[in-house]
Amino acid sequence: MEHLVEHMRLSHHSAHEPRCGVCGKHCRSLDALRDHLGFGSVLPKAGCASVFAARGCQLCLAVFPASGALRAHRAACQLSSAPTQSQLTRSMSRMGIQGGGHGGAVALGCKMVGGGSDGTLDVCARVCLVDEHENILYESFVKPLIPVTHYRYEMTGIRPEHLRDSMAATVKQARKRVEDILLNGEDPWKIRTARGNARILVGHGLDHDLDGLGMDYPAYLKRDTATYPPLMKTSSRLMSNSLKFLTKSCLGYEIQNGGHQHPYDDCVAAMRLYKRMRALRHGLKGEVKGCAGPPPASVAEAFPAWRQRELERMSPEELLRMSKPDYRCWCLDDV
Numbered sequence: 001m002e003h004l005v006e007h008m009r010l011s012h013h014s015a016h017e018p019r020c021g022v023c024g025k026h027c028r029s030l031d032a033l034r035d036h037l038g039f040g041s042v043l044p045k046a047g048c049a050s051v052f053a054a055r056g057c058q059l060c061l062a063v064f065p066a067s068g069a070l071r072a073h074r075a076a077c078q079l080s081s082a083p084t085q086s087q088l089t090r091s092m093s094r095m096g097i098q099g100g101g102h103g104g105a106v107a108l109g110c111k112m113v114g115g116g117s118d119g120t121l122d123v124c125a126r127v128c129l130v131d132e133h134e135n136i137l138y139e140s141f142v143k144p145l146i147p148v149t150h151y152r153y154e155m156t157g158i159r160p161e162h163l164r165d166s167m168a169a170t171v172k173q174a175r176k177r178v179e180d181i182l183l184n185g186e187d188p189w190k191i192r193t194a195r196g197n198a199r200i201l202v203g204h205g206l207d208h209d210l211d212g213l214g215m216d217y218p219a220y221l222k223r224d225t226a227t228y229p230p231l232m233k234t235s236s237r238l239m240s241n242s243l244k245f246l247t248k249s250c251l252g253y254e255i256q257n258g259g260h261q262h263p264y265d266d267c268v269a270a271m272r273l274y275k276r277m278r279a280l281r282h283g284l285k286g287e288v289k290g291c292a293g294p295p296p297a298s299v300a301e302a303f304p305a306w307r308q309r310e311l312e313r314m315s316p317e318e319l320l321r322m323s324k325p326d327y328r329c330w331c332l333d334d335v
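The numbering of the sequence shown is full-length UniProt numbering, which starts it at 1 and goes up by one.
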C-alpha cells in the first residue's frame with residue numbers, strides 16, 4: 001500500500017480524468033485513453049480494445065451496454081461542420097453583428113497575416129467572436145499596426161483591399177469591441193478578483209490571439225482547448241493537439257482542410273469542444289462550482305505525510321476520493 005499511496009501523490013488521479021469504460025483505468029488525457037482502447041499509437045489492452053470495438057464511441061470514448069444504444073448515441077455525438085461562408089454572410093447580415101446576452105461563454109478566433117522582413121511575424125488581420133449558440137457577436141477585418149509583407153492568401157483569403165480603412169477596423173477599435181463583449185458591463189478592475197457578469201473566454205491558443213489584439217484577460221476566465229490537460233497529447237501533457245485534430249477526433253468533422261479559412265470555423269470548433277468537456281458529469285458531491293473556485297490541491301494537502309499510516313490502510317477507492325486533479329475541470333464551470 002505504501003507504493004499505492006506514493007503513486008496517488010504523484011499521479012493526481014481523480015474522478016475528473018478520462019477513464020476506461022471497460023476496466024475503469026484512469027488516463028491523464030484522451031490521447032492516452034485512445035491508446036489504451038486500441039486506436040492510438042501504442043499497443044492497447046486487448047480485452048478493453050475488443051469490447052470497445054464492439055460497443056464504444058470513438059468520439060467521446062464512452063462504452064455502451066448494447067450496440068443499439070451506441071447507434072442512438074452516435075446521432076447526437078457526431079456533429080456537422082459549421083455553416084459555409086455564404087450562409088455565414090447571410091446570418092451576419094440578419095443579426096447586424098451585434099452582441100448581447102448575459103454572462104455565459106464566448107469563443108474568440110483570429111486569423112494572422114505575416115509581418116516583418118520575411119513575413120514570419122504573426123499580425124492579427126481578422127477577428128471573430130461567437131456565443132454559445134454559435135451566433136456571431138462580432139466579426140471584422142483588422143488593419144495591422146505594421147506593414148503586411150505576406151498576406152498568406154492561400155490560407156487566410158485576405159487581400160490588401162480587405163485591410164483598407166473602409167473595410168477594416170483599427171486594432172484599437174477591434175480590441176475595444178472585444179473587451180466590451182467580454183466584460184458585459186463589468187468594470188475591468190473588478191473582474192481581476194470577481195467575475196460578476198463577465199463572460200468566459202474560449203479559444204485555441206488564446207494567448208496568441210489576445211497578443212494579436214494587444215489585450216489581456218484574467219486566467220481564471222480563459223478556457224483554452226490547446227492547454228486543457230485532458231485534450232493535450234499523451235500522458236506527459238507537454239504538447240498541444242491541433243484544433244484540426246481535436247475537431248476530427250472529438251466532434252467528428254473536419255476543419256482547416258484546404259482553401260481559405262474563416263475564424264468563425266475555429267470559434268465554433270473551440271466552443272463545441274468546451275461545451276462537450278463542460279457537460280461531463282463526474283458524480284462528485286461537495287465540489288465548488290464556479291470559475292474562481294479554490295486552486296487545485298497540492299500533494300501535501302491531499303496526502304499529508306503525517307497521515308501516512310492511515311493512508312496505507314485505506315482502500316484504492318478511498319484514496320481516489322481524497323485525490324484532487326492538478327487542474328480545474330471544466331465540468332465545475334457555473335455559467
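Each residue gets a CB set at the ideal place from its N, CA and C atoms; glycine is no exception.
Considering only their Cβ atoms, is the gap separating residue j from residue i smaller than 7 Å?
{"i": "M112", "j": "F141", "result": "no"}
{"i": "A194", "j": "L183", "result": "no"}
{"i": "A82", "j": "M271", "result": "no"}
{"i": "L213", "j": "I200", "result": "no"}
{"i": "G109", "j": "C128", "result": "yes"}
{"i": "P230", "j": "P44", "result": "no"}
{"i": "V5", "j": "E312", "result": "yes"}
{"i": "A15", "j": "H282", "result": "yes"}
{"i": "T225", "j": "L280", "result": "no"}
{"i": "A269", "j": "T247", "result": "yes"}
{"i": "L70", "j": "R55", "result": "yes"}
Skipping 5 residues on each side, what residues in its chain have a beta carbon closer than 6 Å to that of residue i?
{"i": "H7", "result": "none"}
{"i": "S242", "result": "none"}
{"i": "I146", "result": "G115"}
{"i": "Q98", "result": "In this prediction, Q98 has a pLDDT of 42, which is less than 50 and means its spatial position is unreliable; nothing more can be read from the coordinates."}
Am I right that residue i and residue j are in contact with their C-beta atoms under 8 Å? What's the rounded C-beta distance?
{"i": "residue 343", "j": "R177", "result": "Missing from the structure shown is residue 343; the chain here goes from 1 to 335 and no further."}
{"i": "V130", "j": "Y264", "result": "7 Å"}
{"i": "G119", "j": "T149", "result": "4 Å"}
{"i": "R223", "j": "W330", "result": "6 Å"}
{"i": "Q261", "j": "T156", "result": "7 Å"}
Under 7 Å Cβ to Cβ from residue i, same chain only, skipping five residues before and after it: list those, please.
{"i": "R94", "result": "At R94, the pLDDT of 40 sits below 50, so the modelled position is not reliable and the matter cannot be decided from this model."}
{"i": "M232", "result": "S29, M239, S240 and N241"}
{"i": "H13", "result": "H26, L320 and S323"}
{"i": "K190", "result": "G196"}
{"i": "H162", "result": "F141 and A168"}
{"i": "L121", "result": "G114 and G115"}
Counting only the same chain and skipping the five closest in sequence on each side, list residues whose C-beta sits under 8 Å from that of residue i.
{"i": "R159", "result": "Y151 and Y153"}
{"i": "H102", "result": "Note that H102 scores a pLDDT of 47, beneath 50, so its modelled location is shaky and nothing firm can be said."}
{"i": "D165", "result": "K143"}
Between the options, which has its C-alpha nearest residue i's C-alpha?
{"i": "E134", "options": "A279, K275, E318 and R313", "result": "K275"}
{"i": "V63", "options": "P44, L37, K45 and A46", "result": "L37"}
{"i": "D333", "options": "R278, R313 and L320", "result": "R278"}
{"i": "P316", "options": "H26, G21, P18 and V22", "result": "H26"}
{"i": "E132", "options": "G203, H260 and A53", "result": "G203"}
{"i": "A49", "options": "C20, L59 and C331", "result": "C20"}
{"i": "K324", "options": "V123, S11 and L246", "result": "S11"}
{"i": "F245", "options": "D31, H3, S14 and E2", "result": "D31"}
{"i": "L251", "options": "D224, H208 and L61", "result": "L61"}
{"i": "H3", "options": "L319, C331 and L59", "result": "L319"}
{"i": "P169", "options": "G259, A125 and I136", "result": "For clarity, residue 169 is Ala in the given sequence; the question names Pro instead. That would be A125, whose Cα lies nearest to the Cα of A169."}
{"i": "V22", "options": "Q173, Q256, K172 and G47", "result": "G47"}
{"i": "A66", "options": "E301, D211 and V51", "result": "V51"}
{"i": "Y217", "options": "W306, D187 and T234", "result": "D187"}
{"i": "L210", "options": "K172, Y228, V268 and L70", "result": "K172"}
{"i": "S249", "options": "Q58, G24 and A53", "result": "Q58"}
Taking 6 Å as the cut-off, is the beta-carbon of residue i closer than that to any non-hydrogen atom of the ligand GDP?
{"i": "M112", "result": "Summarising the ligand content, the structure contains no ligands, and the ligand GDP is consequently not present."}
Segment contact, 8 Å Cβ cut-off, at least three pairs: the region 72-79 with the region 109-123: no
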